[in-house]
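*Asks:*
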Amino acid sequence: IAQPSLQPTGYQLSANYPNPFNSSTWIEYSVPYQSSVTLKVMDVLGRELATLVSGERGAGRHRVEWNAGRSPSGVYFYRLVARPLSGVQLKEYSETQKLILLK
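Now the structure itself:
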């Protein structure tokens, strides 16, 4: 019986949970290789509100919480940018998703 691989096969940014949310939400992402990763939250005008991740991350699934306690209700975006550190011929990966804060 073949065991499923727990190692991600590609970069992935998952939908935040819960969404919509009140005060805080969880964001999950996967990286298949040791990578330089940034994960930022922006308002609808593209202004950066928070940097949730900035630095090297090992291969695997990662989870981070955003506490939007002082932010008003509305639509926000979160963006993952990841770059393999070495030995892999992949280009930079980026993905943006929407989240909704309801207070």
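Start counting the sequence shown at 15; every next residue gets the next number (our numbering). Ideal placement from N, C-alpha and C gives every residue a C-beta, glycine not left out.
Note down, in chain order, each residue of its chain lying with its Cβ closer than 8 angstroms to the Cβ of N33, except the 5 sequence neighbours on either side.
*Replies:* So the qualifying residues of the chain are T39, L113, I114.
*Asks:* How big is the Cα-Cα spacing for A29 and Q48?
*Replies:* The straight-line gap from Cα to Cα measures roughly 22 angstroms.
*Asks:* For the candidate residues E42, S37, Q111, whose alpha-carbon lies nearest to that of P22?
*Replies:* Comparing Cα positions, the closest option is E42.
*Asks:* Relative to the C-alpha of Q111, which candidate in V55, V78, E70, L99 has its C-alpha closest?
*Replies:* For the residues V55, V78, E70, L99, the minimum Cα distance to Q111 belongs to V55.
*Asks:* Is DSSP giving G83 helix, strand or coil here?
*Replies:* Note: G83 maps to coil in three-state DSSP.
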